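This report concerns only the one structure given below.
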Amino acid sequence: MLGVLFLIVLFPVYYGLVGSLMGERDTNSFPPALYPENGVHPENYSKALDIIPLGDQYLTSVLQTLGITLGQMITSALAAYAFVFLNLRWRGFWFAVFLSTMMIPFESIIIPNYLLISQWGLKDTIAGLTLPFLATGFGTFLLRQSFLSFPMELRDAARVDGAGHVRFLFSILLPLSRPSLAALGIWSALSAWNMYFWPLLATEAPENQTIQIGISQLQSSDSDSPGMVLAGVMLALFPTLLLVIFGQRFIVRGLTTGAVK
1 MLGVLFLIVL
11 FPVYYGLVGS
21 LMGERDTNSF
31 PPALYPENGV
41 HPENYSKALD
51 IIPLGDQYLT
61 SVLQTLGITL
71 GQMITSALAA
81 YAFVFLNLRW
91 RGFWFAVFLS
101 TMMIPFESII
111 IPNYLLISQW
121 GLKDTIAGLT
131 LPFLATGFGT
141 FLLRQSFLSF
151 PMELRDAARV
161 DGAGHVRFLF
171 SILLPLSRPS
181 LAALGIWSAL
191 SAWNMYFWPL
201 LATEAPENQT
211 IQIGISQLQS
221 SDSDSPGMVL
231 AGVMLALFPT
241 LLLVIFGQRF
251 IVRGLTTGAV
261 K
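Below you can see the structure in the form of structure tokens.
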């Protein structure tokens with residue numbers, strides 16, 4: 001049964017890869033060809049890169065993903081540390097307020113965000129793509145749960161040794177929280193890489209747009225070819241596929257850390 005489910009899940013990836021190497025004769029055949037019956041066409045990838053600036057858009061997607069991922073990891077670590085180890089007044093209430101932001105759909109605040117980056121002159125920039133996403137309630141919750149699994153005596157021992165808040169956080173706490181930090185990084189990277197609506201709104205020049213927008217442009221181009229479109233899809237899919245394959249164990253360990261004290 002598991003084998004059948006595995007094949008069902010794997011088939012779209014297989015067909016996308018095989019279809020990206022097919023010519024129009026194979027992709028337009030009926031019944032659909034399951035492999036390149038009339039020769040392999042690796043030039044589909046070069047054609048996709050020629051029609052629209054997928055190379056520049058790929059770089060934009062990478063920079064956007066790195067910026068959002070690093071930003072969320074840093075802000076989540078700092079916020080989670082404050083909620084656990086600092087003696088804040090009403091910190092339980094403020095943490096609940098912080099988590100409540102997860103219930104606000106991004107679409108409801110997209111216009112204020114757009115007006116803000118426009119007034120700051122950040123349209124068509126990496127900063128404009130990343131700034132609205134540098135903080136996340138989920139990341140703060142995840143790292144807070146991880147930090148709560150450590151005894152307070154660990155902080156007291158570090159204080160006796162002369163470690164301040166910054167040194168304790170970055171030299172002791174975060175290295176011990178690697179599974180949760182890795183899970184947050186993978187989750188943030190996948191979310192950032194797959195964004196479509198915000199990059200479509202925040203960018204205008206084709207070379208400053210992300211690869212997700214490039215694929216939609218590729219599909220609607222005059223040189224529409226199923227194999228060429230699938231080549232663009234596979235270029236966008238490879239990074240996320242590698243993240244899921246090699247980061248799956250970190251996701252499981254990170255999400256279960258702190259579940260049981």
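Under the UniProt record's numbering, the letters of the sequence shown match residues 1 to 261, in that order.
Even for Gly, the Cβ is constructed at its ideal location relative to N, Cα and C.
As the structure is a prediction and not an experimental result, all values here were calculated from the model.
Item                                                                                                                                                   : Value
Between which residues of its own chain and Lys261 is the CB-CB distance below 8 Å, once the five residues before and five after are set aside?        : Legend: pLDDT at Lys261 = 48, less than 50; position of this residue unreliable, value from coordinates given subsequently. Around Lys261: Leu148, Ser149.
Determine whether the beta carbon atoms of Ala163 and Asn44 lie at a separation below 8 Å.                                                             : no
How long is the line joining the alpha carbons of Leu131 and Ile109, rounded to whole angstroms?                                                       : 13 Å
Quick one: grab the DSSP three-state call for Val62.                                                                                                   : helix
Quick test of your reading: Leu143 and Ala80, contact by CB under 8 Å. State the CB separation rounded to the nearest angstrom.                        : 4 Å
Determine the closest residue to Arg25 out of Ile111, Leu243, Gly227, Thr65, with distance taken between C-alpha atoms.                                : Gly227
Looking only at its own chain, which residues have a Cβ that is under 7 Å from the Cβ of Ile117, when we skip the five neighbours before and after it? : Lys123, Gly128, Leu131, Ala202
Beta carbon of Gly247, beta carbon of Ile186: below 8 Å?                                                                                               : yes
Measure from the alpha carbon of Gln219 to the alpha carbon of each residue in Val13, Pro36, Ile52, then state which is nearest.                       : Ile52
Pick out whichever of Phe170, Ser177, Asp161, Leu169 has its Cα sitting closest to the Cα of Ser146.                                                   : Ser177
Buried or exposed for Ser100, please, with buried defined as at least 16 other CB atoms from any protein chain shown within 10 angstroms of its CB.    : exposed
Buried or exposed, going by whether 16 or more other CB atoms sit within 10 Å of the CB of Val97?                                                      : exposed
On the three-state DSSP scale, how would you describe Asp161?                                                                                          : coil
Since Tyr114 is in the alpha helix (DSSP H), which residue starts that stretch and which ends it?                                                      : 110–119
Within a Cβ cutoff of 6 Å, which residues of the same chain sit near Lys47, ignoring the five residues on either side of it in sequence?               : Met228
With H, G and I counted as helix, E and B as strand and the rest as coil, what does DSSP make of Ile215?                                               : helix
List the whole-angstrom C-beta distance separating Leu241 from Ile211, where the pair is believed to meet the contact cut-off of C-beta under 8 Å.     : Going by Cβ atoms, the distance from Leu241 to Ile211 rounds to 14 Å, so no, they are not a contact pair.
Between Glu37 and Asn28, what straight-line distance do the alpha-carbon atoms span, to the nearest angstrom?                                          : 12 Å
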